[in-house]
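Numbering (my numbering), first residue to last: 4 to 249.
Note that beta-carbon positions come from the ideal geometry of N, C-alpha and C, so glycine has one too.
Predicted model, so just to flag it, every value in this text is computed and none were measured.
Take a look at the structure set out below.
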């Protein structure tokens, strides 16, 4: 409640300042003053009412309710009981779930686990099927695995549950469309180009992971790294490792 009142007071003071600023510039006199004052009063009233009525909390409640409904739908369809922090994606007769324990589980419609694999092992299997040449794979890194729960913005779905394994091919070969970053010093050295490739898991009719080219999504652009006196532009995350070391 205290934070809400502070926000309202700040909005009120900003509104007062803005209002009198406009009034000082008003050349039409009292009539314009009254008209502007009415709109100002309405604005201040809304500024007070919305936070006090808990509009922001209501929005979060709606989003959580929609998320819970999606989770319940998966649980009912596949007869499984998942942890509260689990993230699951349906694939026809199967449900792919991340329980947060470093593994991915595949459930059938009877709620049985038909396949499970450690994300680290899966990352290695994925790397073997990257749409790159063997030479390119020598300078390709595994940047990590990421899972995201379904996200809503009020009633609108922003994205579904997502699993993603990210890889990064690094080369010194200059792209044809290369344009130096405005922040890149003219004396930069060791310029490298990084191409991101995401693998989005998919399950076939047998409950096995699919490694088709269509499951690998390459970013349309590249990132660049370089070194310069007292400057080092870094792209690689700290956890990155060469795929040959997986």
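query	result
Among the candidates 230, 107 and 143, whose CA atom is the shortest distance from the CA of residue 190?	230
Given this structure, state the Cα-to-Cα distance separating residue 170 from residue 248, to the nearest angstrom.	13 Å
Pull up the distance between the alpha-carbon of residue 193 and that of residue 239, whole angstroms please.	14 Å
Would you identify the three-state DSSP class for residue 216, choosing helix, strand or coil?	helix
Less than 7 Å between the C-beta atoms of residue 117 and residue 210, yes or no?	yes
Is it true that the CB of residue 126 sits closer than 7 Å to the CB of residue 144?	no
Going by DSSP in three states, residue 141 sits in which element: helix, strand or coil?	coil
Determine the contact status of residue 142 and residue 177, defining contact as a CB-CB distance below 7 Å.	no
Determine the DSSP secondary structure at residue 228, reduced to helix, strand or coil.	strand
Quick check: is the beta carbon of residue 118 nearer than 7 Å to any beta carbon in chain D?	The chain labelled as chain D is not found in the depicted structure, where only one protein chain is given.
Which of helix, strand or coil does DSSP assign to residue 169?	strand
Which whole-angstrom value is the C-beta distance of residue 213 and residue 205, which I expect to be below 8 Å?	4 Å
Across which residues does DSSP place residue 83 in a beta bridge pair?	The partner list for residue 83 (beta bridge, DSSP) is empty, contrary to what the question assumes.
Tell me where the alpha helix (DSSP H) around residue 127 begins and ends.	122–131
Which partner residues of residue 181 appear in the DSSP bridge assignment?	DSSP, once it has assigned bridges, lists no residue as partnering residue 181.
Going by beta carbon distance, what residues of the same chain come within less than 6 Å of residue 90, once the five residues before and after it are set aside?	101, 150, 152 and 164
Mapping the DSSP letters down to three states, classify residue 246 as helix, strand or coil.	helix
Note down the Cα distance separating residue 66 from residue 168, rounded to an integer number of angstroms.	Bear in mind that the predicted position of residue 66 carries a pLDDT of just 48, short of 50, making it too unreliable to give a figure here.
Can you tell me whether residue 181 is buried or exposed? The criterion is at least 16 other CB atoms within 10 Å of its CB, across all chains shown.	exposed
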